[in-house]
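Colleague:
Protein chains in written order, with the UniProt record's numbering: chain A, 1 to 236; chain B, 1 to 265; chain C, 1 to 448.
#1: Let's test the definition: count the other Cβ atoms within 10 Å of the Cβ of residue 431 of chain C and tell me whether it reaches 16, buried, or not, exposed.
#2: Buried or exposed for residue 15 of chain C, going by 16 or more other Cβ atoms inside 10 Å?
#3: Leaving aside the five residues before and after residue 107 of chain A along the sequence, list all residues of the same chain whose C-beta is less than 7 Å from its C-beta, in chain order.
#4: Compute the beta-carbon to beta-carbon distance between residue 208 of chain C and residue 223 of chain C, rounded to the nearest angstrom, for a pair I have assumed lies under 8 Å.
#5: Can you tell me where the alpha helix (DSSP H) with residue 143 of chain B in it begins and where it stops?
#6: Apply the 10 Å Cβ neighbour rule to residue 172 of chain C and answer buried if 16 or more other Cβ atoms are within range, or exposed otherwise.
#7: For the stretch 37-46 of chain B against the stretch 310-317 of chain C, are there 3 or more C-beta pairs whose distance is under 8 Å?
#8: Name the one or two DSSP bridge partners that residue 243 of chain B has.
#9: Hey, is residue 139 of chain A's beta-carbon within less than 8 Å of any beta-carbon in chain B?
#10: Kindly list, in the order they appear in chain A, the residues whose Cβ is closer than 9 Å to that of residue 248 of chain B.
#11: Determine whether the beta carbon atoms of residue 368 of chain C and residue 426 of chain C lie at a separation below 8 Å.
#12: State yes or no: is the beta carbon of residue 69 of chain B nearer than 8 Å to at least one beta carbon in chain C?
#13: List, in order along the chain, the chain D residues whose C-beta lies closer than 9 Å to that of residue 209 of chain C?
#14: Can you list, in chain order, the stretches of the beta strand (DSSP E) that have 3 or more residues and sit fully within the stretch 8-45 of chain C?
#15: Compare the C-beta of residue 199 of chain B against all C-beta atoms of chain A and say whether one is closer than 8 Å.
#16: Between B/116, B/80 and B/175, which has its C-alpha nearest residue 154 of chain B's C-alpha?
#17: Check residue 77 of chain B in the structure and name its three-state DSSP category.
#18: If residue 67 of chain C sits next to residue 98 of chain C, beta carbons under 8 Å apart, how far is it from one beta carbon to the other, in whole angstroms?
#19: Go through its chain and collect everything with a Cβ distance to residue 284 of chain C's Cβ below 6 Å, but skip five positions before and after it.
#20: Which same chain residues end up closer than 6 Å to residue 350 of chain C when comparing Cβ atoms and leaving out the 5 residues on each side of it in sequence?
#21: Taking C-beta to C-beta, are residue 70 of chain C and residue 106 of chain C nearer than 8 Å?
#22: Can you tell me the Cα-Cα spacing of residue 148 of chain B and residue 33 of chain B, whole angstroms?
#23: With distances taken from CA atoms, which of C/110, C/226, C/416 and C/179 is nearest residue 54 of chain C?
#24: Within the 8 Å Cβ cut-off, does residue 437 of chain C reach chain B?
#25: What's the gap between the Cα of residue 133 of chain A and the Cα of residue 218 of chain A?
#26: To the nearest angstrom, how far is the alpha carbon of residue 165 of chain C from that of residue 217 of chain C?
#27: By how many angstroms is the C-alpha of residue 45 of chain C removed from the C-alpha of residue 28 of chain C?
#28: For residue 77 of chain C, which option in C/116, C/111 and C/149 has the closest C-alpha, if you only look at C-alpha atoms?
#29: Among residues of its own chain, excluding the 5 on either side of residue 192 of chain B, which ones have a beta-carbon nearer than 7 Å to its beta-carbon?
#30: Can you look up residue 115 of chain C in the DSSP assignment and give me helix, strand or coil?
#31: Give the DSSP-derived three-state secondary structure of residue 381 of chain C in the structure shown.
#32: For residue 88 of chain A, go through chain B and note every residue whose CB falls closer than 7 Å to its CB, in chain order.
#33: Would you identify the three-state DSSP class for residue 264 of chain C, choosing helix, strand or coil?
#34: Does DSSP put residue 97 of chain B in a helix, a strand or coil?
#35: Against chain A, which members of the stretch 204-235 of chain B pass a CB distance test of less than 7 Å?
#36: Spell out whether any CB of chain B is found under 8 Å from the CB atom of residue 79 of chain A.
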């Protein structure tokens, strides 16, 4: 789009979006490292993920402050206003992804004290990779203002849900087989659930991108496949 | 990345350009400005905001003694420009105004050519020795005012034939041509449409590199957009003075809060 | 508050296509007001038209004059007795001698061509010539002595009555009652006219010639009056404009606003309202009696008119200075121009069209002013042209409006035509000045 007459406005918008992209990069790395640490049982990497979360949180705060400043001083309208609003939400979503990554790292450290559960790691790795891909694409779609890519990210969430459902059954089986696996499997299950949530957050980012580009939030039901939870625990 | 952004917003508060100390202004019996103390910084845009009749324009005019032309106006206290009291008996207001230029609410180009409008200041102050130097000054002033590209082919056309926004930028160029140190602007955009306003605001932002700019505005949004420092006047008092971001996100005085959120006249 | 609480009935909704009574009344009153306006303007236009019609009707004939063509033999024996063509000697021949030559030439011409009516004596026949005609012939000869001894064809001025005959002012009936002309003379004139020897032609002399005595209306001109008015206008312009403008600028831009300047302001407004004759008395007392300046001189007239014009110029100048937008002054002061620079570089040029219009209107007023000039002796009968300025400013002169007044005071009806003609000349000058005012205004007016 054409530049603003007031170039300081452009600089404000650019800098705040640059911060979001930077935050996206940080969070993506957090997720990759957390998954890698789990996969390779790398305690050091897990520690590093936990420590780096502070930077992500700080960046989110900064983005919120900048967005507030932008709204207060520049009175953005139309697409500028959507930038300001979506930036806040995306930063919030990214911050949550960061938190889940940190939680993964924390549980990884606990899991290191326990015997490995064979068979689940591959599925976990694939699921983490799929979410990484979604997150990366969501951020790319934001950078490129590509609502098609964002819609694609949104559609992919169903695969994550299915992977999670499969893992859920798998962990249930392990726990039924040998009650000694329960602690590890509970941790692993929480990790799987975290990854699934990160997929949801990536989807939410993709929805913000669609809102940013088109001005409308997609209102059709988001594709869901969480049948396990509902089928096995109808009272929830 | 955001370091550049933050750098820009950093105000060099070590360098004070104008310092007002206990300034009082009376119009006849009415006390228009009460006990104003303010330090205006160099290379900074300072905005004066406040409701009508709050004294912000009056105070602006005391900064280059434009109020001298009003016989009933009386000023007490000190206003120091680089440490020198501009209300000192020895100070000639004409000399002062060459250093503290002013741009007015209504674009008021002289009914002369664009060139003559800009060249007028340098001519009367004897800033140039020959035509070539004057041409140079005119060109650079018009460039600083972001008007050069639009008028360079018609410098002999009358300044009054330009559009409102161009006229106001011409007035800014005219003020800039005398190489002032401070530029006072009294609601420079109130007679302009939004696009022209945005152009002038962009210009003000650029002028900050070379001058200390003080702008009076009725539009809080304008103050928010162009300034680094904001002063809120109310009933002749300086209520609050601080960084613009702070004033517009978390003002410390309830009166400022009420004004910028649109709760008092 | 409920609707019942107020006693104001809710307005009834009606169609916009239907005018209600109130609207009709308002429209009617607007129409009436427009009609009043048109009527007022029409009245003014009609008055102007009547004025112009009557003045043009009476005065345009002053720009033509009846002349009699004849061959005159300039007899050297009569005109130059010494035969040396010595100017001093030539000047000794009086108009009487020239008159005789003219009379003889006329009678000879009329007799030769058989135009003499019966019973008309030679002396009476010669009476159709103007008494000014010999003087004109004499001037011609003195200017060119070589003409003596030759026969020249001249067009001699006809008598005012004969002129009147051609302009319809004199008839056979009026001639019977008139001691100055006899019906037989009119017959001769008619015969000469039929023979193509007597005709009207354009009268340059009316504009250039000096005034003439009461018995020679046909020779009276406005030359001295126009010159006198011109000299006075020069004095008014040179004195009133700078003084008036300087005073206005000082009062408007520099003087402190206090009771003293208020007093001056009120007095200037009062001066503008002082009857012009009072200025005449002032001029008589101060310039003539006290300062000892010559009476009837354009200098005194110019000074008096200057005094009279000054308030007008000051008021007009101050008004146009006031009309200069303060934003322009602010702009100049804001970039460090001094007060004087602001005034002379910006305010004065912008006020210039107003100042010039005011000045020209003031001068037009002064040009038409009569009363004060009467008091300082410009009513005197002046036949000699004033010298070129500046000496000429001290020579006696007349003025156009005073000349009108003089003409109307004279008995001969031919002067009525002269007076109207003079009014036309005066009006033309006024119109020219107004056109100049408009043109200057156009030229110097600038947008801001």
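Glycine is no exception: its CB is placed at the ideal position from the N, C-alpha and C atoms.
Modeller: With the structure as the only source:
#1: exposed
#2: exposed
#3: 187, 190 and 191
#4: 5 Å
#5: 131-144
#6: exposed
#7: no
#8: B/229
#9: no
#10: 69, 72 and 73
#11: yes
#12: yes
#13: No chain D appears in the structure shown, which is made up of the protein chains A, B and C.
#14: none
#15: yes
#16: B/116
#17: strand
#18: Actually they are not in contact, since the Cβ atoms of residue 67 of chain C and residue 98 of chain C sit about 16 Å apart, beyond 8 Å.
#19: 375 and 376
#20: 324
#21: yes
#22: 39 Å
#23: C/416
#24: no
#25: 21 Å
#26: 14 Å
#27: 26 Å
#28: C/149
#29: 164, 165, 168 and 200
#30: coil
#31: coil
#32: Here the premise fails: no neighbours, minimum Cβ distance about 14 Å.
#33: helix
#34: helix
#35: 205, 221, 224 and 225
#36: no
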